[in-house]
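**Q** Can you read through this structure? Questions will come right after.
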Amino acid sequence: MAQVRTRMAPSPTGYFHVGSARTALFSWLFARQQGGEFILRIEDTDRERSTPEHVEVILDSMRWLGLEWDGDVIYQSENLDRHTAAAHQLLASGHAYRCYATTQEIAAARESAAARGVPSWKYTGPDCVISAEEQAARAAAGAPSVVRCRVPRAAGRIEFEDLVYGPQSIDPDEIDDFVLLRADGSPLYMLSVVCDDIDEGITHILRGQDHLSNTPKQILLYQALGAPVPQFGHLALIMAPDGSKLSKRRHGEVVSITTYRDRGFLPEAMCSFLAQLGYSTGEAEESELLTLDQLAADFDLSRAGRSNAKFIYDASNPKQWTDAKAQNLNASWIRSMPIADLLPHLRPWLERAGLWSDDFIGAQAEWFEATIDLIRQRFWTLEDFVVQGAAYLSDRVEYDPAAVKKNLAKNPRTGPLLNELANRFEAVPFDHESLEAALRGYAEEEGVGAGLLINGLRTAVTGYAVGPSAFELCLALGRERVLHRLRHLPALEG
RNA sequence: GGCCCCGUGGUCUAACGGUUAGGAUGCAGGCCUUUCAAGCCUGAGGCACGGGUUCAACUCCCGUCGGGGCUACCA
Numbered sequence: 001m002a003q004v005r006t007r008m009a010p011s012p013t014g015y016f017h018v019g020s021a022r023t024a025l026f027s028w029l030f031a032r033q034q035g036g037e038f039i040l041r042i043e044d045t046d047r048e049r050s051t052p053e054h055v056e057v058i059l060d061s062m063r064w065l066g067l068e069w070d071g072d073v074i075y076q077s078e079n080l081d082r083h084t085a086a087a088h089q090l091l092a093s094g095h096a097y098r099c100y101a102t103t104q105e106i107a108a109a110r111e112s113a114a115a116r117g118v119p120s121w122k123y124t125g126p127d128c129v130i131s132a133e134e135q136a137a138r139a140a141a142g143a144p145s146v147v148r149c150r151v152p153r154a155a156g157r158i159e160f161e162d163l164v165y166g167p168q169s170i171d172p173d174e175i176d177d178f179v180l181l182r183a184d185g186s187p188l189y190m191l192s193v194v195c196d197d198i199d200e201g202i203t204h205i206l207r208g209q210d211h212l213s214n215t216p217k218q219i220l221l222y223q224a225l226g227a228p229v230p231q232f233g234h235l236a237l238i239m240a241p242d243g244s245k246l247s248k249r250r251h252g253e254v255v256s257i258t259t260y261r262d263r264g265f266l267p268e269a270m271c272s273f274l275a276q277l278g279y280s281t282g283e284a285e286e287s288e289l290l291t292l293d294q295l296a297a298d299f300d301l302s303r304a305g306r307s308n309a310k311f312i313y314d315a316s317n318p319k320q321w322t323d324a325k326a327q328n329l330n331a332s333w334i335r336s337m338p339i340a341d342l343l344p345h346l347r348p349w350l351e352r353a354g355l356w357s358d359d360f361i362g363a364q365a366e367w368f369e370a371t372i373d374l375i376r377q378r379f380w381t382l383e384d385f386v387v388q389g390a391a392y393l394s395d396r397v398e399y400d401p402a403a404v405k406k407n408l409a410k411n412p413r414t415g416p417l418l419n420e421l422a423n424r425f426e427a428v429p430f431d432h433e434s435l436e437a438a439l440r441g442y443a444e445e446e447g448v449g450a451g452l453l454i455n456g457l458r459t460a461v462t463g464y465a466v467g468p469s470a471f472e473l474c475l476a477l478g479r480e481r482v483l484h485r486l487r488h489l490p491a492l493e494g
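At position 413 of the first sequence (counting the first as 1) the number is 413 in our numbering, and the numbers step up by one without a gap.
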């Protein structure tokens, strides 16, 4: 039994599409589950778009997601000679032929067929548009020609078993004698993919459902080339909220994997989200927070859905910039994963924001971890650690205007009360019980609700209206910072 | 237009001939009360439609409608 080998074959477009990421994920999981290999091939034959930068985006995205590939990255552009050689082999074996009809002539034939009421005209042979004599004349005159695949129309329907969609059966008369080589001799996608997949020994091809109707043509090519036909598995597509195809052009950054990385997503969250789009993790799974290893362990293509999944977001609402479920999963991962696993993801963010200290993994490690654990319970992205988190990890406080207004500025007494609260805090042991007793006692003394001071305290020392329990966070912040911030409140306009 | 694929609450999904159609997310309300984009509880919300087959259909068949893909000398 040959070893399973899957591949991901993206073309460098300048971004890595979430749908591509999902295909890559499924291919990776399948290979992993089968104990096989997963290959990455860059389909860089479109010179315009294939810049090194564009390739890097793909590699970065794949690495970030944790989808490491086996062996070196393969570049399709390096195999072009083999693709044209394959076309010549097909020409020699009679599986392909030269076509001298021009695109205009073919279009005209198609139109007139439509005018005659022929529902679907196909290019079905060398002389279906121009006569054999004319072909010979053009050949003799050295006219340009393309190489077309000779679709075996008498061989009956083309059949295959799709790993996701089940049995497929296509009438060859529904397929044109498709072009293999352009007039300039360059190979087309249909030929190139098949050649590369044969060369790389790909056994299972998982890709978007948009390739389902290309499959019969490719099967024909495998057969004509005398190669074993791999197994195909097509994955339902990810659609935009309005049901249209998700595209960078129309839908923007939300479709790009690097956006998620840059906005503080955890790759684990992205993978578990992608895995749940159009796929159901087994009933045995209690949690939706599955790691790649857990996902791979019982990966089963039969649980892949056949209907397209919508990706719901609202570009006009900052809180819904991407799918709510994705955000929820990210928050869940951030809040529940072992601190030790979270740290490697968090550290670069803190470093970039100038919030990192080596003491966090040294002298202050215990405090640091406890603090992270405390504040992450209400965080949604890694970015939260450097915005709201700054107040806990440094002397920097970012005051949220709405919070200041609500908890500090609204009641004119708040400021002075908090200033005095600093003195009360200074006079007692710095522990939860003492602080709470001091605050409540002071509130009673002044005839104000404890809530006024508690909420004011939270905003004064963290900058935000929401966060952990006020006393707990004071302990995390430490005596000096709390006292200092209570004595140096932000400007209270309005 | 032709060929192909799909159709369970807003969204992601479970149930594969007999369930009060389950879960998640989102939404609404409540609790907590010192906050909430936290936590806990409750609630509203679904089998696209019409025919069959069957004692019995979300589950099987046909049709309709709806959505999507492909239909290039793009990938």
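Using N, Cα and C, we set each Cβ at its ideal position, and we do this for glycine too.
1) Alanine 470 lies in the alpha helix (DSSP H); which residues open and close that run?
2) For isoleucine 535, I'd like the list of residues in its chain whose CB is within less than 6 Å of its CB, leaving aside the five on either flank, ordered along the chain.
3) Could you tell me the alpha carbon to alpha carbon distance between glycine 494 and proline 416, rounded to whole angstroms?
4) I'd like the list of long-range same chain contacts for phenylalanine 430, defined as Cβ closer than 6 Å, with 5 residues on each side in sequence excluded.
5) Am I right that serine 207 and leucine 235 are in contact with their C-beta atoms under 8 Å? What's the rounded C-beta distance?
6) Do cysteine 149 and histidine 95 have their C-beta atoms closer together than 8 Å?
7) Fully enclosed by the segment 47 to 109, which alpha helix (DSSP H) runs are 4 residues long or longer?
8) If we call anything under 8 Å between Cβ atoms a contact, is glutamate 253 one with serine 272?
9) Closest to isoleucine 42 by C-alpha separation, out of Gly201, Leu329, Met8, would be which residue?
10) Between the Cα of arginine 352 and the Cα atoms of Ile198, Phe385, Phe379, which residue gives the shortest distance?
11) Does DSSP put phenylalanine 425 in a helix, a strand or coil?
12) Where does valine 482 fall in DSSP's three states?
13) For leucine 475, count neighbouring C-beta atoms within 10 Å of its own C-beta (all shown protein chains included) and say buried if the count is 16 or more, exposed if not.
14) CA-CA distance, proline 348 and alanine 269?
15) Output the distance between the C-alpha atoms of isoleucine 58 and phenylalanine 265, rounded to the nearest integer angstrom.
16) Under the rule that 16 or more other beta-carbon atoms within 10 Å means buried, what is alanine 409, buried or exposed?
17) Among Pro344, Met337, Val229, Asp400, which has the Cα closest to the Cα of glutamine 377?
18) Out of Leu342, Val397, Ala296, Gln320, state which residue places its alpha-carbon closest to the alpha-carbon of glutamine 33.
19) Ends of the alpha helix (DSSP H) at proline 216?
20) Using a Cβ-Cβ cutoff of less than 6 Å, which residues in the same chain neighbour arginine 485 once the five nearest sequence positions on both sides are dropped?
21) Please state whether the Cβ-Cβ distance between glycine 243 and histidine 204 is less than 8 Å.
22) Helix, strand or coil for lysine 245 per DSSP?
23) Could you tell me which residues DSSP pairs with alanine 227 in its beta bridges?
24) In this structure, how does DSSP classify lysine 310 when only helix, strand and coil are distinguished?
25) Considering only C-alpha positions, which residue in the set Val4, Leu25, Val18, Pro12 is nearest to leucine 292?
26) Under three-state DSSP, which class holds serine 20?
27) Can the beta-carbon of proline 230 be found less than 8 Å from the beta-carbon of isoleucine 202?
28) Label asparagine 455 either buried or exposed according to how many other C-beta atoms from any shown protein chain fall within 10 Å of its C-beta, with 16 as the threshold for buried.
29) Taking methionine 526 as part of the alpha helix (DSSP H), name the residues at either end of that continuous run.
30) At a cut of 8 Å, does the segment 173 to 185 reach the segment 140 to 148 through at least three beta carbon pairs?
31) In this structure, does DSSP put aspartate 177 in helix, strand or coil?
32) Helix, strand or coil for proline 416 per DSSP?
33) Please report the distance separating the alpha-carbon of lysine 405 from that of alanine 491.
34) Please name the residue in Gln388, His88, Gln364 whose C-alpha comes closest to that of isoleucine 375.
35) Determine the direct distance from the alpha carbon of alanine 438 to that of asparagine 423, and round the result to whole angstroms.
**A** Looking at the coordinates:
1) In the first sequence, the residue the question calls residue 470 occupies position 470. Its alpha helix (DSSP H) spans residues 470 to 477.
2) Past the boundaries of the shown model lies residue 535; the chain is included only from 1 to 494, so the question cannot be answered.
3) Against the first sequence, residue 494 aligns to sequence position 494. Against the first sequence, residue 416 aligns to sequence position 416. Reliability fails at glycine 494, whose pLDDT of 43 lies under 50, so the model's placement of it is uncertain and the value that follows must be treated cautiously. Straight-line Cα distance between these residues: approximately 16 Å.
4) Residue 430 sits at position 430 when you count from the first residue of the first sequence. So the qualifying residues of the chain are Arg479.
5) Here the question's residue 207 lines up with position 207 in the first sequence. Here the question's residue 235 lines up with position 235 in the first sequence. Reading off the sequence, residue 207 comes out as arginine, not serine. Indeed they touch by this definition, with Cβ atoms about 7 Å apart.
6) Numbered from its first residue, the first sequence carries residue 149 at position 149. Numbered from its first residue, the first sequence carries residue 95 at position 95. Going by C-beta atoms, cysteine 149 is nearer than 8 Å to histidine 95.
7) 52 to 65, 80 to 93
8) The sequence position of residue 253 within the first sequence is 253, counting from 1. The sequence position of residue 272 within the first sequence is 272, counting from 1. No. Outside cutoff.
9) Your numbering for residue 42 matches position 42 in the first sequence. Comparing Cα positions, the closest option is Met8.
10) The residue you call residue 352 lines up with position 352 of the first sequence. The candidate whose alpha carbon is nearest that of arginine 352 is Phe385.
11) For the purposes of this step, residue 425 is taken as the residue at position 425 of the first sequence. Phenylalanine 425: helix per DSSP, three-state reduction.
12) On the first sequence, residue 482 is found 482 positions in, with the first residue counted as 1. Looking at valine 482 - three-state DSSP - the assignment turns out to be helix.
13) The residue given as residue 475 occupies position 475 in the first sequence. Leucine 475 is buried by the Cβ-count criterion.
14) Against the first sequence, residue 348 aligns to sequence position 348. Against the first sequence, residue 269 aligns to sequence position 269. Rounded to whole angstroms, proline 348 to alanine 269 spans 18 Å at the Cα level.
15) Here residue 58 refers to the residue found at position 58 when the first sequence is read from its first residue. Here residue 265 refers to the residue found at position 265 when the first sequence is read from its first residue. Cα to Cα, the separation comes out at about 17 Å.
16) By 1-based counting over the first sequence, the position of residue 409 is 409. The residue in question, alanine 409, is buried, as its Cβ has 16 or more Cβ neighbours within 10 Å.
17) Taking the first sequence and counting its residues from 1, one reaches residue 377 at position 377. Per the Cα distances, Met337.
18) Your numbering for residue 33 matches position 33 in the first sequence. Ranking Leu342, Val397, Ala296, Gln320 by Cα distance to glutamine 33 puts Ala296 first.
19) Taking the first residue of the first sequence as position 1, residue 216 is located at position 216. Start and end: 215 to 224.
20) For the purposes of this step, residue 485 is taken as residue 485 along the first sequence, with counting starting at 1. Excluding positions up to five away in sequence, the list reads Ala460, Val461.
21) Along the first sequence, one-based indexing puts residue 243 at 243. Along the first sequence, one-based indexing puts residue 204 at 204. Against a cut-off of 8 Å, the Cβ pair of histidine 204 and glycine 243 comes out as no contact.
22) As a working note, residue 245 is residue 245 in the first sequence. Strand at lysine 245.
23) The count along the first sequence starts at 1 and reaches residue 227 at position 227. DSSP output for alanine 227 lists no bridge partner at all.
24) Within the first sequence, residue 310 is the residue found at index 310, counting from 1. DSSP places lysine 310 in strand when its eight states are reduced to three.
25) Working through the first sequence from its first residue, we reach residue 292 at position 292. The shortest C-alpha separation from leucine 292 is found at Leu25.
26) Within the first sequence, the letter at position 20 stands for residue 20. DSSP places serine 20 in helix when its eight states are reduced to three.
27) Translated into the one-based positions of the first sequence, residue 230 becomes position 230. Translated into the one-based positions of the first sequence, residue 202 becomes position 202. Yes, Cβ-Cβ distance for proline 230 and isoleucine 202 is below 8 Å.
28) Taking the first residue of the first sequence as 1, we reach residue 455 at position 455. Label assigned to asparagine 455: buried.
29) With the chain covering only 1 through 494, there is no way to say anything about residue 526.
30) yes
31) As a first step, residue 177 is located in the first sequence; it is residue number 177 there, counting from the start. Note: aspartate 177 maps to coil in three-state DSSP.
32) As a first step, residue 416 is located in the first sequence; it is residue number 416 there, counting from the start. Three-state DSSP puts proline 416 in a helix.
33) Residue mapping note: residue 405 aligns to position 405 of the first sequence, counting from 1. Residue mapping note: residue 491 aligns to position 491 of the first sequence, counting from 1. If I take the Cα positions, the gap works out to 10 Å.
34) For the purposes of this step, residue 375 is identified with residue 375 of the first sequence, where counting begins at 1. Considering only alpha carbons, the answer is Gln388.
35) By 1-based counting over the first sequence, the position of residue 423 is 423. By 1-based counting over the first sequence, the position of residue 438 is 438. Each residue's Cα considered, the two are about 10 Å apart.
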